[in-house]
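Residues in the sequence shown are numbered from 183 upward in steps of one, following the numbering used here. To keep things clear, I will list the structure first and then write my remarks on it.
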Amino acid sequence: MLGLSRDTRDFYADPTSGARHAITTELAFRGLGADNEFYKVIGDTAWFFPVIGDTVFAPRARVGVAHSYGSLPLPVGERFFVGGIQTVRGFSFGRAGPVFTDGSPLGATKQVLFNFDYIFPLVPEVKVKGVLFFDYGKGFNDGEPIGLNLRRSAGVEVRWISPFGPLRLAYGLNLNKREGEHAGVFEFSIGSLF
183 MLGLSRDTRD
193 FYADPTSGAR
203 HAITTELAFR
213 GLGADNEFYK
223 VIGDTAWFFP
233 VIGDTVFAPR
243 ARVGVAHSYG
253 SLPLPVGERF
263 FVGGIQTVRG
273 FSFGRAGPVF
283 TDGSPLGATK
293 QVLFNFDYIF
303 PLVPEVKVKG
313 VLFFDYGKGF
323 NDGEPIGLNL
333 RRSAGVEVRW
343 ISPFGPLRLA
353 YGLNLNKREG
363 EHAGVFEFSI
373 GSLF
């Protein structure tokens, strides 16, 4: 894996200004002892703009592509699972991308994601913040062209930079619900905000 990044955020766990940009590439081929042959490229950019008082507008964009160029399919662990608290809130894990006929996530070979967060203090003394969000993204499978027919969600989130690390509670509404999908999803996460 090879990556380049630039980070100008004022505080990595709870930024109020600056930006973070990264591109990572992964290449696997049998000449280096790999079982599969594939490549994966991900671009990620996030900005943090102070607005009024202690509020922050934080847009983020991510694109990714992964492709197997050998005789074996792309490993499941290298696919993009779009949907869930780390990608498109308001969707269950992996369900804003290709799914099997039973509704379980298949994983995608391409992803396009946009997140727009408006972050504001709830209990500043203990670093509890509220977030209003709009997410726009989708995972695309082989043979499916990348387009802007993306899935949409909006909702609220509470974040706490606790002594144990970042905690997140989010509820997102699926704004273009399809048959068999939930109208909204509640999620909880411990760990990185990114």
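Just so it is clear, CB atoms sit at the ideal spot from N, CA and C, and this is done for glycine as well.
Of K359, K311, H364 and R341, the smallest CA-CA separation from G373 is found for R341. Per DSSP, the unbroken beta strand (DSSP E) holding R242 starts and ends at V238 to S250. DSSP, read as helix, strand or coil, puts R212 in helix.
In this structure, V264 sits near A290, with a CB-CB distance shorter than 8 Å. Counting along the chain, D317 sits inside the beta strand (DSSP E) bounded by residues V310 to F322. Beyond the five residues adjoining it in sequence on each side, I328 comes within less than 7 Å, by CB distance, of K292, V294 and F322 in the same chain, given in chain order.
Burial is judged here by how many other beta carbons sit within 10 angstroms of a residue's own beta carbon; Y194 has fewer than 16 and is exposed. Under DSSP, I234 takes part in no beta bridge, so it has no partner. For A352, the enclosing beta strand (DSSP E) has its first and last residue at G347 to N356. Here the C-alpha atom of R188 lies approximately 14 Å from the C-alpha atom of F230. F370 is not a Cβ neighbour of L355, given a cutoff of 8 Å.
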